[in-house]
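Residue numbering for the sequence shown follows the working numbering, starting at 1 and increasing by one per position.
Glycine residues also receive a C-beta, built at the ideal position from the N, C-alpha and C atoms.
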Amino acid sequence: MICLEAGKLGGTAWRHLLNLEYGCRRRLYYELAGEKANFTEPHKSIFDRGWYLEPAIARLYCESTGARLRGPENTVLPRDAWLPDWWRGHPDRIIVSHPRAHGTGILECKTAGTWPYRKMESDGLPLPYVYQLQHYLALTGCAWGAFAVLEVDDRLDDYWTDMRKAGVPRKCVAAWAVECVHSGRWKFEAFAVHRDRDRIRYLLGEGRRFMGLKEPPDKIPDVNGAAPKTCRECPYRRTCRGIGEAVEAPAYDEEVQHAPAELDGLFERAYELHEIKREAEAAYGAARAELEGALHAAALGPGIIAGPETVPALAWTKQRRRTFNSAQFRQENADLYADYVVENISDNLKWGGGKS
Ligand code: SF4
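Here's what the structure looks like:
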């Protein structure tokens, strides 16, 4: 969900404006232009996760640094006068004092699943976060800030919304999350960020160009990269991609149907294996990245790499990827495209659907 005041850009808009990760510049255009959405965007439990854990992250930041904070209310500082009027938003917290920094700073609080967290530990902050913080530094005139990130167990992803619906108090969850970090179950890290004039100038230029657009931008995210996932749930997919590519799934019945008791064993077995797979995938991703780093460090290169006898040899290849721009092909060869499009609908089972 892009949260925008009409005609204004907040810190999270840069992900979209610059087509970074799962952001989409075109979608941002539709929102700013007040285009009516074609679909209602599904609610994501991850938003509730952020809401629940923000106080815990702020507390952990104070504990680990000795800083004092202000907020979440009253985090708007006077705007720098040179900024255009569309440059808006307010940070999560104001850092009123910090034992090792001068002046006021700003704090953004984020949660991350295990894999994105590990990636941040090894590669640093992803670009959308870097730009988000620069946005607030420009807005407030502060010279420094921090991005505090809490690693959260992915297996809880299905439950945050349920907890919110059930009215579980935020302060109880925050206290429990802090305890998870103290006991070593979850990790916490704060990345310091300093004002970067070149980056702010770059954002200013890109923002001005974007705000001057009279038509939706042509450039859309890589159709064979992030876009299918981005587009699948995009509320503007019909407007943007046309009817043919916006296959609407049959109506989803919110009413709970109860399965016969003789299926209990099948349910339990499938769910148990699903959990094992999810944990194994996360662990494998991390182990693979570590191995890859170690192979580079050992100055090895593509080819067959033999490890211990207990495991098969590793084939290390460089892959070339070719992508097919179906959206452009369709635009330029509409008839031919229609002849070759095959639409089908299949069943999809996902744990955690519906209400219990
Ligand atoms: S359908 Fe895809 S490309 Fe179009 S606006 Fe939505 S996310 Fe962007």
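Contact check for C24 against C234 passes: the beta carbons are separated by less than 8 Å. For R199, same chain residues with a beta-carbon under 6 Å away, outside a window of 5 residues either side, are Q134 in chain order. Rounded to the nearest angstrom, the Cβ distance from P91 to Y129 is 12 Å, too far for a contact under 8 Å. L17 is a Cβ neighbour of F210, given a cutoff of 8 Å.
The beta-carbon distance between G50 and T114, rounded to whole angstroms, is 16 Å. This is too long to meet the 8 Å contact definition.
Remark: C-beta atoms of Y30 and P217 do not approach each other more closely than 8 Å. When beta bridges are read from the DSSP output, L69 appears opposite I95. Around the beta carbon of I276, a 10 Å sphere encloses fewer than 16 other beta carbons of the protein chains shown; the residue is thus reported as exposed. Annotation for T111: no alpha helix (DSSP H) segment contains it, though the beta strand (DSSP E) segment containing it runs 105-112. Taking 8 Å as the upper bound for CB-CB distance, E151 and Y117 are in contact here, some 4 Å apart. In the displayed model, E233 falls within coil according to three-state DSSP, outside both helix and strand.
The straight-line gap separating the alpha-carbon atoms of G89 and R278 is approximately 36 Å. Per the Cβ contact rule, the stretch 165-176 is in contact with the stretch 53-62 (3 or more Cβ pairs under 8 Å). With a cut-off of 8 Å on Cβ pairs, the stretch 35-50 is not in contact with the stretch 62-73, counting fewer than three such pairs.
Going by DSSP, G205 is part of the alpha helix (DSSP H) stretching over 197-211. Nearest to I304 by C-alpha distance, out of P312, A297, K214, is P312.
DSSP places V193 within a strand segment (E or B) once states are collapsed to three. The Cβ atoms of W160 and Y271 lie no closer than 8 Å to each other. In the structure shown, the three-state DSSP call for V256 is coil. Exclusion of the five residues before and after L20 leaves L127, P128 as the residues of its chain whose Cβ lies within less than 6 Å of its Cβ. In the DSSP secondary-structure assignment, F267 is not bridged to any residue. With a cutoff of 7 Å, R330 does not count as near the ligand SF4, since its C-beta is closer than that to no heavy atom of the ligand.
For F147, the three-state secondary structure derived from DSSP is strand. Residue range 314-316 is occupied by the beta strand (DSSP E) that includes A315. When DSSP states are grouped into helix, strand and coil, A13 belongs to the helix group.
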